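All remarks here apply to the structure that follows.
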Amino acid sequence: MKTVFSDLQLSHSPKHEISDGELKPAVEIPSRAEIVLKTVQERGVGDVVSPETFGARPVRRIHAPDYVDFLESFWGHWSGAGRKGEAFPFVWPIRSLRPDPAPAHIDGLLGRYSMDAGTPIGEHTYSAATASAHTALTAAKLVHEGERSAFGLCRPPGHHAGIDFFGGYCFFNNAAIAAQWLRDHGATRVAILDVDYHHGNGTQAIFYERSDILFLSIHADPTQEYPYFLGHADETGEHAGTGFTRNWPLPIGTTWEKYSEVLDDASRWLLVYRPDYLIVSLGLDCFEHDPISGFRFKSDDFFWLGQRLSYVGVPTVFLMEGGYAVDALGTNCVNVLEGFEG
Ligand code: SP5
Ligand code: ZN
0 MKTVFSDLQL
10 SHSPKHEISD
20 GELKPAVEIP
30 SRAEIVLKTV
40 QERGVGDVVS
50 PETFGARPVR
60 RIHAPDYVDF
70 LESFWGHWSG
80 AGRKGEAFPF
90 VWPIRSLRPD
100 PAPAHIDGLL
110 GRYSMDAGTP
120 IGEHTYSAAT
130 ASAHTALTAA
140 KLVHEGERSA
150 FGLCRPPGHH
160 AGIDFFGGYC
170 FFNNAAIAAQ
180 WLRDHGATRV
190 AILDVDYHHG
200 NGTQAIFYER
210 SDILFLSIHA
220 DPTQEYPYFL
230 GHADETGEHA
240 GTGFTRNWPL
250 PIGTTWEKYS
260 EVLDDASRWL
270 LVYRPDYLIV
280 SLGLDCFEHD
290 PISGFRFKSD
300 DFFWLGQRLS
310 YVGVPTVFLM
320 EGGYAVDALG
330 TNCVNVLEGF
340 EG
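So that you can map any letter, position 249 of the sequence shown is 248 in numbering that gives the first Met the number 0, and since no number is skipped, the others follow by simple counting.
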């Protein structure tokens, strides 16, 4: 299986995040990608290739023009305002407040286009997020050209990012961008299976009213875990998309034994849907030692996860999402890829 990766993705290097009432060291850091890349090479998964250029179009097929413009121009405004460190939002247009007209002030804009205070923007965030999206697109293109599978070593991740907001360490929704590109290049149906520990709220919202992209997510129950405000079992799609979103929220402490029963259920939905392509939003944060997560996968369980995904029998694009136990991240990720390849 080929891996797609660009060094540009390392340039986004957040220092802190706001959580637990503290300014804590960031967990979504460049070494995550470096250790996965190293393990891919050491274990001989396959060639590592650079992303192709796709221009600005595919990102803008998913994200709102004003949001992309905001991210692209943000650092100029921020540093022009004399701000030195990375940028955190601190006010949001919830409920009775108006997102539009968008504010002119940089602090207002930060809140207008974000969902949390855990996702700082730095000088190179836009170029890293763009490179990450192009990594996803290249992996999709490889599978479109006939490969059985490909691995987009995406970083920053994507599944929390919505049409016009960043959050959850995500800026551009790599899986959504890849799915739309496949639809625009001949696919009739694309399925996204999100196995990150956290619910993929951005991906779900983007495709919630569409039947041509099936969204399935297995994740920690949002009553107990981030992102808290989406991912319940009663969210199944709306309008034309009714029945084309499925969520399996699971309790904190879930082991592979329980999870795999639910995965079999999700797999049956995939078999019924018969997608042309499967995109796996591959979070590795179900790992028992993940520093911010509460499931109990052991490293070997990721191999069984990959094996079960191969049984679906559909050309598959793996796109990395979360996973923060850096020392084990390469092992856990490559276990999925090797489990898939058999
Ligand atoms: C892509 C992805 O996995 N994003 C996850 C974003 C989660 N951000 C919220 C982190 C809150 C951390 N609280 C940890 C408490 C552990 N003691
Ligand atoms: Zn996650």
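Backbone N, C-alpha and C define an ideal beta-carbon position, used for all residues, glycine too.
Please read these numbers as outputs of a predicted model, since none were measured by experiment.
Check your understanding: Are the stretch 254 to 262 and the stretch 292 to 303 in contact at 8 Å, needing three or more beta carbon pairs?
Key -> yes
Point to revise | C-alpha gap between residue 234 and residue 243, whole angstroms | key: By 1-based counting over the sequence shown, the position of residue 234 is 235. By 1-based counting over the sequence shown, the position of residue 243 is 244. Cα to Cα, residue 234 sits roughly 10 Å from residue 243.
Review point. Cβ of residue 151 versus every heavy atom of the ligand SP5: is any distance shorter than 7 Å?
Key: On the sequence shown, residue 151 is found 152 positions in, with the first residue counted as 1. Flag unset: Cβ of residue 151 not near the ligand SP5.
Practice item. Identify the continuous alpha helix (DSSP H) that holds residue 355 and give its terminal residues. Key: Shown here, the chain extends from 0 to 341; a query on residue 355 therefore has no answer.
Exercise for review: Compare the C-alpha of residue 166 against each of 115, 35 and 91 and name the closest.
Suggested key: Translated into the one-based positions of the sequence shown, residue 166 becomes position 167. Selected option, being the one with the closest Cα: 115.
**Study point:** Beta-ladder partner(s) of residue 246, from DSSP
**Key:** In the sequence shown, counting from the first residue as 1, residue 246 sits at position 247. Answer by DSSP bridge pairing, in chain order: 216.
**Study point:** Distance between residue 55 and residue 186 (C-alpha atoms, nearest Å)
**Key:** By one-based count along the sequence shown, residue 186 stands at place 187. By one-based count along the sequence shown, residue 55 stands at place 56. Cα to Cα, the separation comes out at about 21 Å.
Practice item. Can you give me the Cβ contacts of residue 225 inside the same chain, cut-off strictly under 6 Å, excluding the 5 residues immediately before and after it? Key: Locating residue 225 in the sequence shown gives position 226, counting from the first residue. 197.
Review point. Using a Cβ-Cβ distance under 8 Å, would residue 80 count as near chain C?
Key: Any reference to chain C falls outside this structure, which holds one protein chain only.
Exercise for review: Compute every distance between the C-beta of residue 220 and the non-hydrogen atoms of the ligand SP5, then say whether any falls below 7 Å.
Suggested key: Taking the sequence shown and counting its residues from 1, the one referred to as residue 220 is at position 221. Every heavy atom of the ligand SP5 is 7 Å or more from the Cβ of residue 220, so no.
**Study point:** Of the listed residues 17, 61, 284 and 339, nearest to residue 164 (C-alpha basis)
**Key:** The residue you call residue 164 lines up with position 165 of the sequence shown. With distances taken between Cα atoms, residue 164 lies closest to 61.
Check your understanding: Measuring from the CB of residue 196, is there a heavy atom of the ligand GDP at a distance below 7 Å?
Key -> The ligand GDP is not among the ligands present in this structure, which contains only the ligand SP5 and the ligand ZN.
**Study point:** Segments assigned alpha helix (DSSP H), at least 4 residues, entirely inside the stretch 49 to 133
**Key:** 56 to 61, 64 to 79 and 105 to 111
Check your understanding: With contact counted as at least three CB pairs below 8 Å, one residue from each stretch, are the stretch 9 to 21 and the stretch 132 to 148 in contact?
Key -> no
Exercise for review: Helix, strand or coil for residue 197, going by three-state DSSP, please let me know.
Suggested key: The count along the sequence shown starts at 1 and reaches residue 197 at position 198. Looking at residue 197 - three-state DSSP - the assignment turns out to be coil, as it is neither helix nor strand.
Point to revise | Coil, strand or helix - residue 25 by DSSP | key: Position 26 of the sequence shown, counted from the first residue, corresponds to residue 25. Three-state DSSP puts residue 25 in coil, outside helix and strand.
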